[in-house]
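Trainee: If you scroll down you'll find the structure; I have some questions about it.
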Amino acid sequence: MSMLAPLRLLREPWNASEGNQSNATAGAGGAWCQGLDIPNELFLTLGLVSLVENLLVVAAILKNRNLHSPTYYFICCLAVSDMLVSVSNLAKTLFMLLMEHGVLVIRASIVRHMDNVIDMLICSSVVSSLSFLGVIAVDRYITIFYALRYHSIMTLQRAVVTMASVWLASTVSSTVLITYYRNNAILLCLIGFFLFMLVLMLVLYIHMFALACHPVRSISSQQKQPTIYRTSSLKGAVTLTILLGVFFICWGPFFFHLILIVTCPTNPFCTCFFSYFNLFLILIICNSVVDPLIYAFRSQELRRTLREVVLCSW
Numbered sequence: 028m029s030m031l032a033p034l035r036l037l038r039e040p041w042n043a044s045e046g047n048q049s050n051a052t053a054g055a056g057g058a059w060c061q062g063l064d065i066p067n068e069l070f071l072t073l074g075l076v077s078l079v080e081n082l083l084v085v086a087a088i089l090k091n092r093n094l095h096s097p098t099y100y101f102i103c104c105l106a107v108s109d110m111l112v113s114v115s116n117l118a119k120t121l122f123m124l125l126m127e128h129g130v131l132v133i134r135a136s137i138v139r140h141m142d143n144v145i146d147m148l149i150c151s152s153v154v155s156s157l158s159f160l161g162v163i164a165v166d167r168y169i170t171i172f173y174a175l176r177y178h179s180i181m182t183l184q185r186a187v188v189t190m191a192s193v194w195l196a197s198t199v200s201s202t203v204l205i206t207y208y209r210n211n212a213i214l215l216c217l218i219g220f221f222l223f224m225l226v227l228m229l230v231l232y233i234h235m236f237a238l239a240c241h242p243v244r245s246i247s248s249q250q251k252q253p254t255i256y257r258t259s260s261l262k263g264a265v266t267l268t269i270l271l272g273v274f275f276i277c278w279g280p281f282f283f284h285l286i287l288i289v290t291c292p293t294n295p296f297c298t299c300f301f302s303y304f305n306l307f308l309i310l311i312i313c314n315s316v317v318d319p320l321i322y323a324f325r326s327q328e329l330r331r332t333l334r335e336v337v338l339c340s341w
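Under our numbering, think of the first position of the sequence shown as 28, with each following residue one higher.
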């Protein structure tokens, strides 16, 4: 298993001895249990791509006053969360590479402290990223079903309180997780949080999906151009399907890994699954790469501002 994988504290169960894990892996048999040897360059490349993409999103939203609204503020916070995922993974990978090649020599105690700090940053960014995915889903739901009351429901003050609450909760929860990581109750809380977000997004997006597939039920279906509206609704339904698919594919394996740590830490097949932890981290980083493409770059106004940012047209 790669020494460069972040989230050291969650990579493998702590309530199974090293010998038992080795025997279980051998018992499960075959090269399948050896995991995947993911090159460090892939971690670095995906991290850099995600960092650049999300930096562009943040810069574009800050630059264009037309994008200074709760919806885009939530997208900006999601971009910052994804940026933190990328930066923390990049930092840990670079530190480990420098130490392995003898370029950087640090005392073991300092390494442990740095490891904990970076792990806390990663955990905080993971929790905040999941939270803002849920917040964006709620915001879109309000936009569609309460369009006339949206600005009275989602005021700037409420948006600021929501964003501050998410960042505060993410920081506190990551600190608790790193401090009490050996307690199964902490992992169960993290798993429960993921399942809550998954159910929330499923319920909201399925409701929006149903509206997109049945335009007759909406006010817009009364317009004289039903064909155009049906095309728009179909695109919306496809977008929602992509959102849920990407969310489940990118986050599901990581949290299934946590579930197995709690339920079957010494089972041979579970141990084999643990050996693929680096792959699950790659999927999370890939989610940070895909998020801007789904949530941000689909906006014509944002794309125009991004071109201006890239061309330095400030």
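Where a beta carbon is used, it is the ideal one built from N, C-alpha and C, also for glycine.
If you draw a straight line from the alpha carbon of V199 to that of I218, how long is it in whole angstroms?
Mentor: On the sequence shown, position 172 is the one that residue 199 refers to. On the sequence shown, position 191 is the one that residue 218 refers to. Roughly 16 angstroms separates the two Cα atoms.
Trainee: Taking only three categories from DSSP, how would you classify P292?
Mentor: By 1-based counting over the sequence shown, the position of residue 292 is 265. Three-state result, P292: coil.
Trainee: I need the straight-line Cα distance from T298 to I276, nearest angstrom please.
Mentor: Position 271 of the sequence shown holds residue 298. Position 249 of the sequence shown holds residue 276. Spanning the two alpha carbons is a distance of roughly 21 angstroms.
Trainee: Rounded to whole angstroms, what is the Cα-Cα separation between L338 and L89?
Mentor: Position 311 of the sequence shown, counted from the first residue, corresponds to residue 338. Position 62 of the sequence shown, counted from the first residue, corresponds to residue 89. So the alpha carbons of these two residues sit roughly 16 angstroms apart.
Trainee: Is it buried or exposed, L157, if we count other Cβ atoms within 10 angstroms and call 16 or more buried?
Mentor: Your numbering for residue 157 matches position 130 in the sequence shown. Flag for L157 reads buried.
Trainee: In terms of residues, what are the limits of the alpha helix (DSSP H) holding H178?
Mentor: Reading the sequence shown from its first residue, position 151 is the one you call residue 178. Note, H178: alpha helix (DSSP H), 177 to 180.
Trainee: Determine contact between the region 63 to 80 and the region 312 to 327, defined as no fewer than three beta-carbon pairs at a distance below 8 angstroms.
Mentor: Touching, yes.
Trainee: Using CA coordinates, which residue listed in L287, L227, F304 is at the minimum distance from R167?
Mentor: Along the sequence shown, one-based indexing puts residue 167 at 140. Among L287, L227, F304, the Cα nearest to that of R167 belongs to L227.
Trainee: How about V79 and V107: are their beta carbons less than 8 angstroms apart?
Mentor: Along the sequence shown, one-based indexing puts residue 79 at 52. Along the sequence shown, one-based indexing puts residue 107 at 80. No.
Trainee: The alpha helix (DSSP H) that contains A106, what's its start and end?
Mentor: Along the sequence shown, read from residue 1 onward, the residue named residue 106 stands at position 79. From DSSP, the alpha helix (DSSP H) with A106 extends over 97 to 127.
Trainee: My assumption, with CB atoms under 8 angstroms, is that V273 sits in contact with I321. Please give the rounded CB distance.
Mentor: Sequence index remark: in the sequence shown, residue 273 carries index 246 (1-based). Sequence index remark: in the sequence shown, residue 321 carries index 294 (1-based). Indeed they touch by this definition, with Cβ atoms about 7 angstroms apart.
Trainee: Is the beta carbon of S192 closer than 8 angstroms to that of S155?
Mentor: Stepping through the sequence shown from its first residue, residue 155 is reached at position 128. Stepping through the sequence shown from its first residue, residue 192 is reached at position 165. For S155 and S192, no; Cβs fall outside 8 angstroms.
Trainee: Does DSSP put R325 in a helix, in a strand, or in coil?
Mentor: Mapped onto the sequence shown, residue 325 falls at position 298. Residue state, collapsed to three classes: coil.
Trainee: DSSP three-state label for C150, please.
Mentor: The residue labelled residue 150 in the question sits at position 123 within the sequence shown. Of the three classes helix, strand and coil, the one that applies to C150 here is helix, per DSSP.
Trainee: Determine the direct distance from the alpha carbon of P292 to that of R325, and round the result to whole angstroms.
Mentor: Taking the first residue of the sequence shown as position 1, residue 325 is located at position 298. Taking the first residue of the sequence shown as position 1, residue 292 is located at position 265. Straight-line Cα distance between these residues: approximately 42 angstroms.
Trainee: Tell me whether S77 sits in a helix, a strand or coil according to DSSP, three-state version.
Mentor: In the sequence shown, the residue the question calls residue 77 occupies position 50. Reduced to three states, the DSSP call for S77 is helix.
Trainee: Does DSSP put R134 in a helix, a strand or coil?
Mentor: Position 107 of the sequence shown, counted from the first residue, corresponds to residue 134. Three-state result, R134: coil.
Trainee: Would you kindly report the start and end of the unbroken alpha helix (DSSP H) that includes S200?
Mentor: Here residue 200 corresponds to residue number 173 of the sequence shown, with the count starting at 1. Looking at the DSSP string, the run of the alpha helix (DSSP H) that includes S200 is 183 to 206.
Trainee: Give the straight-line distance between the Cα atoms of I269 and N211, rounded to the nearest whole angstrom.
Mentor: Within the sequence shown, numbered from 1, the residue matching residue 269 stands at position 242. Within the sequence shown, numbered from 1, the residue matching residue 211 stands at position 184. So the two alpha carbons sit approximately 33 angstroms from each other.
Trainee: Just to confirm, are S201 and C150 a CB contact at a threshold of 8 angstroms?
Mentor: Taking the sequence shown and counting its residues from 1, the one referred to as residue 201 is at position 174. Taking the sequence shown and counting its residues from 1, the one referred to as residue 150 is at position 123. Taking 8 angstroms as the Cβ cut-off, S201 and C150 qualify as a contacting pair.
Trainee: Taking just the CA atoms, how far does V165 sit from V188?
Mentor: Taking the sequence shown and counting its residues from 1, the one referred to as residue 188 is at position 161. Taking the sequence shown and counting its residues from 1, the one referred to as residue 165 is at position 138. Distance between the alpha carbons of V188 and V165 is about 15 angstroms.
Trainee: Closest by CA to P66, which one among T120, N294, F281?
Mentor: Position 39 of the sequence shown, counting from 1, holds the residue named residue 66. Here the closest residue by C-alpha is T120.
Trainee: Hey, M235 and P97: beta-carbon distance below 8 angstroms or not?
Mentor: For the purposes of this step, residue 235 is taken as residue 208 along the sequence shown, with counting starting at 1. For the purposes of this step, residue 97 is taken as residue 70 along the sequence shown, with counting starting at 1. The answer is no: Cβ separation not under 8 angstroms.
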